[in-house]
Amino acid sequence: GAGVSQSPRYKVAKRGQDVALRCDPISGHVSLFWYQQALGQGPEFLTYFQNEAQLDKSGLPSDRFFAERPEGSVSTLKIQRTQQEDSAVYLCASSLTWSSGNEQFFGPGTRLTVL
Amino acid sequence: AQTVTQSQPEMSVQEAETVTLSCTYDTSENNYYLFWYKQPPSRQMILVIRQEAYKQQNATENRFSVNFQKAAKSFSLKISDSQLGDTAMYFCALMDSNYQLIWGAGTKLIIKP
Chain A
4 GAGVSQSPRY KVAKRGQDVA LRCDPISGHV SLFWYQQALG QGPEFLTYFQ NEAQLDKSGL
64 PSDRFFAERP EGSVSTLKIQ RTQQEDSAVY LCASSLTWSS GNEQFFGPGT RLTVL
Chain B
14 AQTVTQSQPE MSVQEAETVT LSCTYDTSEN NYYLFWYKQP PSRQMILVIR QEAYKQQNAT
74 ENRFSVNFQK AAKSFSLKIS DSQLGDTAMY FCALMDSNYQ LIWGAGTKLI IKP
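Sequence order for the protein chains is A and B.
Counting from 1, position 75 in the first sequence corresponds to residue 78 in our numbering; the numbering is continuous, with no gaps.
Counting from 1, position 12 in the second sequence corresponds to residue 25 in our numbering; the numbering is continuous, with no gaps.
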């Protein structure tokens, strides 16, 4: 594929449900990032992978949030027992290498609404 | 802790005019990168321009240029000859050695015909 893709684009969940958000990075990109963007705000860092290794998960808001990238390509962000405050757009980005300063290429995001 | 501040929630200019978006930041590191990203309505985030902190020369990309003032920790974006397609949210972001992007709250830019 030409760019980063995310699925689903929209997800509505009832409070307490588990959700899984998928990210397909650009082929060959080593680094993968997840961000949370609340309505009207800038994105906030959640977690970062270099290949299959999760190097930083300091931004995950609670232990209900879990991310994985088992084969170093596709990544899944899982949210257990969703709460209304989890409603946001979840952005995935990838970059070619792990070098600081590299451009991050973003997907279209998954808009999660928790009722 | 690193912070990025964008003090202009919304701006609007006429097509073909020049507009400057403001950004200030705070970091204790000497080596870092600054970015401006554009997020058009219902479309994905794309990079506009990037500046390396150790380079004194201001970055330029066609109609887009920055005024990087390291001592003042200021990083403004100038858009010349603005076009209707420039209408978007613009985010200033800082990246340090942790590879995290720290983002400002964004400026909504409207280009009027």
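Just so it is clear, CB atoms sit at the ideal spot from N, CA and C, and this is done for glycine as well.
Keep in mind it's a predicted model, so treat the numbers as computed, not measured.
Residue i versus residue j: straight-line alpha-carbon distance, rounded
i: G6/A; j: D66/A; result: 30 Å
i: T16/B; j: Y50/B; result: 16 Å
i: N44/B; j: C95/A; result: 25 Å
i: H32/A; j: L60/B; result: 17 Å
i: E47/A; j: S90/A; result: 13 Å
i: I29/A; j: F108/A; result: 8 Å
i: T100/A; j: R56/B; result: 25 Å
i: R114/A; j: N71/B; result: 36 Å
i: S1/A; j: Y38/B; result: A question about residue 1/A goes unanswered here, because the residues of chain A that appear run from 4 up to 118.
i: D94/B; j: E74/A; result: 46 Å
i: T85/A; j: A23/A; result: 11 Å
i: F88/B; j: P111/A; result: 26 Å
i: Q57/A; j: W37/A; result: 11 Å
i: L80/A; j: S10/A; result: 11 Å
i: P53/B; j: D99/B; result: 8 Å
i: A85/B; j: Y93/A; result: 33 Å
i: R18/A; j: F69/A; result: 17 Å
Simplified DSSP state of residue i, which is helix, strand or coil
i: L97/B; result: helix
i: D39/B; result: strand
i: E88/A; result: helix
i: N111/B; result: coil
i: V77/A; result: coil
i: K14/A; result: strand
i: S78/B; result: strand
i: K86/B; result: coil
i: Q53/A; result: strand
i: E30/B; result: coil
i: Q19/B; result: coil
i: L58/A; result: strand
i: Q107/A; result: coil
i: L35/A; result: strand
i: I92/B; result: strand
Beta bridge counterpart(s) of residue i as assigned by DSSP
i: W101/A; result: Answer by DSSP bridge pairing: none, since W101/A is not bridged.
i: V122/B; result: Sequence check: residue 122/B is Leu here, not Val. Paired residues: M24/B and A101/B.
i: M58/B; result: In the DSSP output, where bridge partners are listed per residue, M58/B has none listed.
i: K68/B; result: Paired residues: none, contrary to the question.
i: I82/A; result: V22/A and F68/A
i: L42/A; result: Answer by DSSP bridge pairing: none, since L42/A is not bridged.
i: Y46/B; result: E65/B and M108/B
i: S115/A; result: For the sequence presented, residue 115/A should be read as Leu rather than Ser. Looking at the DSSP assignment, L115/A forms a beta bridge with K14/A and A91/A.
i: Q52/B; result: M102/B
Closer than 9 Å at the beta carbon, the chain B residues around residue i
i: Y51/A; result: N111, Y112 and Q113
i: L94/A; result: Q57 and M58
Chain-ordered chain A contacts of residue i [CB-CB under 9 Å]
i: A118/B; result: G43, Q44 and G45
i: F104/B; result: G45 and P46
Whether residue i touches residue j by CB criterion (9 Å)
i: V15/A; j: V77/A; result: no
i: F77/B; j: K68/B; result: no
i: L107/B; j: F48/B; result: yes
i: E28/B; j: I124/B; result: yes
i: R72/A; j: F52/A; result: yes
i: Y112/B; j: S34/A; result: yes
i: L122/B; j: M58/B; result: no
Contact list for residue i against chain B, beta-carbon separation under 8 Å
i: P111/A; result: R56 and Q57
i: Q107/A; result: L60 and L114
Residue-level contact to chain D via CB, residue i, 9 Å cutoff
i: S34/A; result: Annotation note: the requested chain D is absent from the structure, which comprises protein chains A and B.
Per-residue contacts from residue i into chain A (C-beta, under 8 Å)
i: R63/B; result: G104 and E106
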